[in-house]
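Mapping the sequence shown onto full-length UniProt numbering, position 304 (from 1) lands on 304, and the numbers just tick up by one. See below for the structure under consideration.
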Amino acid sequence: MSAIDEQAAAYIAARAAGRWDEADQAALEAWLAADTRHQGAFFRAEAAWAMLDRASVMGAGIAADTVHTSPFRALTPRPPTLTRRQWLAGGGLIAASVAGAALILPALTHQRLQTEVGELRKVPLKDQSIASVNTDTTLDVALGAKRRDIRLIRGEAWFQVAKDKARPFVVEADTVRARAVGTAFGVRRYPDGAEVMVSEGVVEVWNTQAPDTPTRLEAGGRIFVPYAPQPIRAEYAPETVDRRLAWREGQIALDNDSLTHAAAEFNRYNSRKIVIADPALGDEKLVGWFRADQPDTFARSVHLALDVPVRIDDTRIVIGAE
1 MSAIDEQAAA YIAARAAGRW DEADQAALEA WLAADTRHQG AFFRAEAAWA
51 MLDRASVMGA GIAADTVHTS PFRALTPRPP TLTRRQWLAG GGLIAASVAG
101 AALILPALTH QRLQTEVGEL RKVPLKDQSI ASVNTDTTLD VALGAKRRDI
151 RLIRGEAWFQ VAKDKARPFV VEADTVRARA VGTAFGVRRY PDGAEVMVSE
201 GVVEVWNTQA PDTPTRLEAG GRIFVPYAPQ PIRAEYAPET VDRRLAWREG
251 QIALDNDSLT HAAAEFNRYN SRKIVIADPA LGDEKLVGWF RADQPDTFAR
301 SVHLALDVPV RIDDTRIVIG AE
């Protein structure tokens, strides 16, 4: 067994033992991000652990209910259940089965990726694709032998898709689907539909409830697809796509957008919310690029541009007279 496989097995064994804290989780995530081979080794080890016979697992003293925890989420440490000898035996049992697991298991890996409010993540996937995950987002990744499925549960993500014609890359957002082979595109969920934006290549977009042929969306294109079947039409405006994907650099780009829209965008990233006290200001149009994590700077710009009062405290930012 290689040193990488041994390290992966050691992580699995340590996690199963319940001796796991935030420092351990941080070390694991750093190790996974450092080399795609590490991810492959970890998933092989995790799969091998899942395949172990329950009786054998319990015989080694390892709690069988630990096999479903994702390495990409914060883990809640469990009370230690093993002696040192049992822990070492458990680790050896996992390590011994890692090499054979790849031969008997289907080529399928699962990840759940999540971000908190204001958090952005860039995560390498096992197929060499990259997922950039926006604020307050949850998505599930399932990479199989014949296809790659992403379920966007909430929020927004952008994907740099590794080319693999034998395994289409499909993003699901409720009834909306976006399919690519090797390209770069973003998907954002809204309450009533999903928006797809293509940075590179071609993406096919459709609604599973509609019988129409998928819409081909090329680089620079964007489309909003309602969850309820309705006619859809693509729009080609590369500058608009670039602005709407500015979040990847921690930016909010406004181009004649309303103050109401701008406030909603800043509120996605910050616990201190922008409140528009005077509804008449909501339709005022704004232009500019702003740091998503600096709503106070944005509010001061609004004060100067519109000559309206702005009050900033620890809990909220109020624009307009209350």
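Every residue, glycine too, gets a C-beta built ideally from N, C-alpha and C.
- DSSP places R177 inside the beta strand (DSSP E), whose first and last residues are V176 to A180.
- Taking every protein chain shown into account, the CB of A145 has fewer than 16 other CB atoms within 10 angstroms, so this residue is exposed.
- Per DSSP, the beta-bridge partners of N207 are V176.
- DSSP, reduced to helix, strand and coil, places N134 outside both helices and strands of the structure shown, so it counts as coil.
- Residues of the same chain with a CB within less than 7 Å of the CB of P229, apart from the 5 flanking positions on each side, are N207, Q209 and A210 in chain order.
- The three-state secondary structure of Y269, taken from DSSP, is helix.
- Secondary structure within the stretch 234-318: the beta strand (DSSP E) runs of 3 or more consecutive residues, fully enclosed, are 251-258, 273-276, 285-291 and 310-312 (chain order).
- Closest in C-alpha terms to G320, from the list E249, A45 and A263, comes A263.
- About 24 Å separates the Cβ atoms of G182 and G155, ruling out a contact at the 8 Å cut-off.
- With respect to the 7 Å criterion, L113 and V133 are classified as neighbours on the basis of their beta carbons.
- Under DSSP, E200 shares a beta bridge with A184.
- Within 10 angstroms of the beta-carbon of R177 lie 16 or more other beta-carbons, which makes it buried.
- Excluding residues up to 5 positions away in sequence, L120, R291, A292 and D293 lie with their Cβ nearer than 8 Å to the Cβ of G250 in the same chain.
- Inclusion of L143 and T109 in the CB contact set at 7 Å is warranted, their separation being smaller than that value.
- The continuous alpha helix (DSSP H) containing L28 extends over residues E22 to A34.
- In the DSSP annotation of this structure, the continuous segment of the beta strand (DSSP E) that includes T215 starts and ends at T215 to E218.
- For K122, the enclosing beta strand (DSSP E) has its first and last residue at R121 to P124.
- In the three-state DSSP reduction, I4 falls in the helix class (H, G or I).
- For E156, the uninterrupted beta strand (DSSP E) run begins and ends at E156 to Q160, by DSSP.
- With fewer than 16 other Cβ atoms from the protein chains shown falling within 10 Å of its own Cβ, V117 counts as exposed.
- For E322 and G282, the gap between their C-alpha atoms comes out near 14 Å.
- With 16 or more other Cβ atoms from the protein chains shown falling within 10 Å of its own Cβ, Y269 counts as buried.
- Secondary structure at I232: coil, using DSSP grouped into helix, strand and coil.
- For the options V198, W20 and L306, the alpha carbon positioned closest to that of R243 is the one of V198.
- About 6 Å separates the beta carbon of R148 from that of D127, a gap short enough to meet the 8 Å contact definition.
- Where R112 is concerned, the enclosing beta strand (DSSP E) starts and stops at T109 to Q114.
- Cβ contact annotation for G186 (same chain, cutoff 6 Å, sequence separation greater than five): W158, M197 and L245, in chain order.
- Taking the C-beta atoms as reference points, A23 is found no nearer than 7 Å to A45.
- F224 has its alpha-carbon roughly 12 Å from the corresponding atom of P191.
- With a cutoff of 7 Å on beta-carbon distance, A184 and T215 are scored as not near each other.
- Contact between V287 and L259 is absent: CB atoms are separated by about 12 Å, not below the 8 Å threshold.
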